[in-house]
Structure formats: structure tokens, C-alpha cells
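End of the sequence shown = 448 in this note's numbering, gap-free, step of one.
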Amino acid sequence: MGKYYQQEIETASRDQIITRQSELLVKQVRHAWDNLPYYRGKMEEKGVCPEDINGIDDLKKLPFITKNDLRLAYPYGFRAVPESECVRIQSTSGTTGKRVIAFYTQSDVDLWEECCARAIVAAGGTKEDVVHVSYGYGLFTGGMGLHGGSHKVGCLTLPMSSGNTERQLQFMEDLGSTILCCTPSYAQYLSEAINEKGIKNRLRLKAGIFGAEPWSEEMRRDIEAGLGIRAYDIYGLTELSGPGVAFECSQQTGMHINEDHFIAEIIDPDTEEVLPYGRKGELVFTSITKKAFPLIRYRTRDICVLNDEKCPCGRTHVKMSKPMGRSDDMLIVKGVNVFPSQIETVLLELGYSSNYQIVVDRVNLTDTIEVRVEMNANNFSDDLGMITKMENKVLQALRAMLGIGAKVSLVAPKSIQRSEGKAVRVIDRRKI
Ligand SMILES: [Zn+2]
17 MGKYYQQEIE TASRDQIITR QSELLVKQVR HAWDNLPYYR GKMEEKGVCP
67 EDINGIDDLK KLPFITKNDL RLAYPYGFRA VPESECVRIQ STSGTTGKRV
117 IAFYTQSDVD LWEECCARAI VAAGGTKEDV VHVSYGYGLF TGGMGLHGGS
167 HKVGCLTLPM SSGNTERQLQ FMEDLGSTIL CCTPSYAQYL SEAINEKGIK
217 NRLRLKAGIF GAEPWSEEMR RDIEAGLGIR AYDIYGLTEL SGPGVAFECS
267 QQTGMHINED HFIAEIIDPD TEEVLPYGRK GELVFTSITK KAFPLIRYRT
317 RDICVLNDEK CPCGRTHVKM SKPMGRSDDM LIVKGVNVFP SQIETVLLEL
367 GYSSNYQIVV DRVNLTDTIE VRVEMNANNF SDDLGMITKM ENKVLQALRA
417 MLGIGAKVSL VAPKSIQRSE GKAVRVIDRR KI
């Protein structure tokens, strides 16, 4: 089981957790009402005032915040303390529309880093470890978050940032990195490079903490085998702080949510009705400790399931499943809902690597979907008849999974462009 970073909090009873959440929620709603005219307006519209909120049971009375609200109130509309109290901003990558700018007080930064520290401890980290942070540094929260968490645990921290793979491998070998933190697609890229150079047995890596993009169980097995490590998932959003909102424990069966800082709800994304634990729906978070950027009932767009069954690791905080897709990422092809993660599952099950691309287009008013995937050393062929056979096999598996036909193209190893940040898996030409 190992040593917990904050045993008293992480193994509190459900009653203690709910009492704490209720107290903090009441204070946070008052803070938002007093300091965020935008949110106060939303509350007034719904006819609810701070006096109506006496505990967690009243949460459902409060209005939601969406990414669109953050855009409308950009850049200061959700900053709830004077600028002189803020010490940092971080920002989303802004792939769709305006970036979100999140503000932090020093205490907000401390709490965030504490959450990341818990994730490192849960992955087996102690002050004896060398933490190799290959998430991007800068506005992106990945690098700064795990970096701060690593300091808090007392690990030797290597602020590598992403890119420059040669240097990554050299430091990994020369300084004996034991825990790697980066996006799962970059972990896979590093794994390929390490195995190509044949230096795996010269490394001391034992664990990895990977997040910031969706990845499947098959991809986990791929990375674990390739690097000879245990690969742990971590979840977070810039809007809520960054990575560390939830993290995996030794069980690797879902991520414990740091419920002393966040209240999680699952709602039906269409009706907005709150669903019980165990039901699949959209994840909604309320941050109850953040001062500078206190989001109440923030709709994450991530589709997942919450699980409050007892975890053998001893932690009592509820677990969230890996997001099964984002309502934003969901593609509607020929009227059918398609999540890229479903396609990835099929490809990895059939022994392909996760170097693939999905191209959606519309030809003569009909949607088309093409899945391009690289062959690898184990299944490579240059016999056209053989390739057609292999493509048909993928096609049938995709049809079984998705219920629609797709064009499948097997391409040569390393012909799909690699990414050192977030991988570009989907190209939707219908939107161009
Ligand atoms: Zn656990």
C-alpha cells in the first residue's frame, strides 16, 4: 500500500468528506456571489441566492458554468480576487475558439501542487525518486503542475519540457530518471526511440504518470511493455487547476478524485439531470477551495462514470473512470456517434500501434470515414494481397464496434507524423 501523502484526508470517512464539502461549498458560493458579477447574474436568473445553499444537497439548485461562459466573460469575468492577490496564470491550448485564462493565488498554486504530489506518491514516488517531467512547460498546466508536485514530494525534479528527444534520453540515462511524466502519445514516442536505440536496460524508469489526452487500456499495456514500467493515468483541467484533479492508485482501476478540493457530479448532458454513481454521463466539477478562479458546477464535456465502491488501496475518495470520450470529440458520422477511443481500441486489439489518424469527410452529401494506421515490425507486409486481407480484417472489426463501414488504409511504419505534444488523431474535413 505504501505511505500515503495525506492519509487523514485521503482515507477520511464518507461522512467526513461530505461534511467538509458542504462547509466549503457554502463559503465558495458566497465568495462567487460577492466577487463574480457574471455568476451572480446566472444565480439571479435561476432565482437562487447564497442563503439557499446550506450544503451539498443544495448543489443542484445552482446554475452550471460552461466553456462558453468562460469565453463570454474573458478574460477577467471569473477572477474572484483582486489582481494584486494573484501570482500566476495558466491557459488552455485554445484549439477551439478563445483560450481560457485561469488565475491562481499562492494558496491556489499550493493546493494544486499538493494534488499533483498525491498523484506522484500514488504512483510509488518518494523523495528517493528522480522525476522526469516531459510535459510542456509554460502556459500549459502539465509541466508546471507535476513539477510543483514533484518538489512537494521531495523528488529530484528534471524540468525537461517536451521535445528534443535525444536530450530526453540522455538525461534519462545519465541521471537515472525513475518516474516519467508526459502525454501518453509522447511516452509512446519515447518508448519507440528507446527501443530503437536499444538502451532500455540502461534506464531506471519504474513508473509513468500520463495525461492531458485520451488513452485506452490497450495503449497503457503498450507503454508498460515498451518501457518496462507501470503507467498511471492522471486527470485535470486548466479551468479547475490543472493535472491532479484525479489520479490513479496502485489498483489502476479509475482515478481517485481529490474530493477535499472538488465536488464531482455526473449529469445527463441533454436533460442536465444529476445521475447516481455508476451511471454514464457528463462530468461536472465544483472547485471548493480555489480562491482566484472558483468555478461552480463546471461542465467538463468529459463522458465518464463515478464509482464509490471501496478501493483496496485504502483511499476513500470516489473514483472516476477514464473519460470515454468528450462530448466535443464525439464525431457524428452517417448519423452514428463515434468516439476516436473506440477506433483506437479496435486497432490496438488487432496488434497495431496507436499511430493512427481518422479522416472524416463528406462526399456527395454522404459522410465518409477513413482510418489510416501504421503497420509495425510485427505485422509489416509489402505484399498488396496480404495488405488488402489485413485491411479487411480491420474493416470488419470496426464495423462490429461502430456499426458503420469505414475505409481502412494500412500505411508504412513511421509514415504518420509524430507529435511531441498532443497527438492530432482526427481530421474532420467537413468543418474546413
Ligand atoms: Zn485506490
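Don't be surprised by glycine CBs; every beta carbon is placed ideally from N, CA and C.
Legend entry - Assigned secondary structure, Gln-373 (DSSP; H/G/I helix, E/B strand, else coil): strand
Legend entry - Gln-22 beta carbon near ligand 1 (any heavy atom closer than 8 Å): Not a single heavy atom of ligand 1 lies less than 8 Å from the C-beta of Gln-22.
Legend entry - Inter-residue spacing [alpha-carbon to alpha-carbon] between Arg-434 and Ile-250: 22 Å
Inset, instruction - Give me the Cα-Cα distance between Glu-24 and Asp-318, rounded to the nearest whole angstrom. - result: Cα atoms of Glu-24 and Asp-318: separation of roughly 30 Å, rounded to the nearest angstrom.
Legend entry - Ser-266 CB to nearest heavy atom of ligand 1 below 8 Å: yes
Legend entry - Residues sharing a beta bridge with Ser-425, DSSP: Arg-388
Inset, instruction - Between the Cα of Cys-132 and those of Gly-152, Gly-159, Asn-70 and Tyr-120, spot the shortest distance and give me the residue it belongs to. - result: Across the set Gly-152, Gly-159, Asn-70 and Tyr-120, the C-alpha of Gly-159 shows the shortest separation from the C-alpha of Cys-132.
Legend entry - Closer than 8 Å: Pro-330 CB and nearest ligand 1 heavy atom: Correcting the residue type first, residue 330 is Gly in the shown sequence and not Pro. Yes - ligand 1 has a heavy atom lying nearer than 8 Å to the Cβ of Gly-330.
Legend entry - Simplified DSSP state of Cys-102, which is helix, strand or coil: strand
Inset, instruction - Return helix, strand or coil for Leu-206, following the three-state DSSP convention. - result: helix
Legend entry - Closest residue to Asp-377 among Gln-358, Ile-348 and Cys-102 (Cα-Cα distance): Ile-348
Legend entry - Cys-327 Cβ short of 8 Å to ligand 1 heavy atom set: yes
Inset, instruction - May I ask you to list the residues that DSSP assigns as paired with Asn-323? - result: In the DSSP secondary-structure assignment, Asn-323 is bridged to Lys-335.
Inset, instruction - Please confirm whether any heavy atom of ligand 1 lies closer than 8 Å to the CB of Lys-335. - result: True, at least one ligand heavy atom lies under 8 Å from that Cβ.
Inset, instruction - Mind checking which residues open and close the beta strand (DSSP E) that includes Ala-133? - result: That residue, Ala-133, is in no beta strand (DSSP E); its alpha helix (DSSP H) goes 122-138.
Legend entry - N- and C-terminal bounds of the beta strand (DSSP E) containing Phe-263: 258-264
Legend entry - Between the CA atoms of Arg-313 and Met-17 - distance to the nearest angstrom: Only weak support is given to the placement of Met-17: the predicted model assigns it a pLDDT of 36, under 50, and the question is left unresolved by the model.
Legend entry - Short Cβ contact (9 Å threshold) for Val-387 with Leu-363: yes
Legend entry - Of the residues Ile-374, Ile-105, Asp-276 and Glu-281, the one placed nearest Glu-130, counting alpha carbons only: For Glu-130, the closest alpha carbon among the candidates Ile-374, Ile-105, Asp-276 and Glu-281 is that of Asp-276.
Inset, instruction - For Asp-383, name the three-state secondary structure that DSSP assigns. - result: Asp-383: strand per DSSP, three-state reduction.
Inset, instruction - Within 10 angstroms of the Cβ of Ile-289, are there 16 or more other Cβ atoms? Answer buried if so, exposed if not. - result: It is Glu, not Ile, that sits at residue 289 in the sequence shown. In this structure Glu-289 is exposed. Its beta-carbon is surrounded by fewer than 16 other beta-carbon atoms within 10 angstroms.
Inset, instruction - Check Met-17 in the structure and name its three-state DSSP category. - result: Low local confidence applies: a pLDDT of 36 at Met-17 is under 50, so the model's placement there is unreliable, with the coordinate-based value given in what follows. Met-17 falls in the coil class under three-state DSSP.
Inset, instruction - Classify Glu-281 as helix, strand or coil using the three-state DSSP reduction. - result: strand
Inset, instruction - Using beta-carbon positions only, say whether Pro-200 and Ile-239 come within less than 9 Å of one another. - result: yes
Inset, instruction - Pair every Cβ in the region 319-339 with every Cβ in the region 257-276, then say whether three or more of these pairs are closer than 8 Å. - result: A contact is defined here as three or more CB-CB pairs under 8 Å, and the region 319-339 meets this definition with respect to the region 257-276.
Inset, instruction - Count the other C-beta atoms from every protein chain shown that fall within 10 angstroms of the C-beta of Lys-409, then say buried if there are 16 or more, exposed otherwise. - result: Burial call: exposed.
Inset, instruction - Starting from Arg-30, trace the alpha helix (DSSP H) both ways and give me its first and last residue. - result: 30-51
Inset, instruction - Count the other CB atoms, across all protein chains shown, that sit within 10 Å of the CB of Pro-310; report buried if there are 16 or more and exposed otherwise. - result: Burial is judged here by how many other beta carbons sit within 10 angstroms of a residue's own beta carbon; Pro-310 has at least 16 and is buried.
Inset, instruction - Find the nearest neighbour of Phe-156 within the set Gly-227, Met-188 and Val-169, judged by alpha-carbon distance. - result: Gly-227
Inset, instruction - Would you mind stating whether Val-97 and Pro-66 have Cβ atoms separated by less than 9 Å? - result: no
Legend entry - Stretch-stretch touch, CB-based, cutoff 8 Å, three pairs: the region 159-170 with the region 135-151: Touching, per the Cβ criterion.
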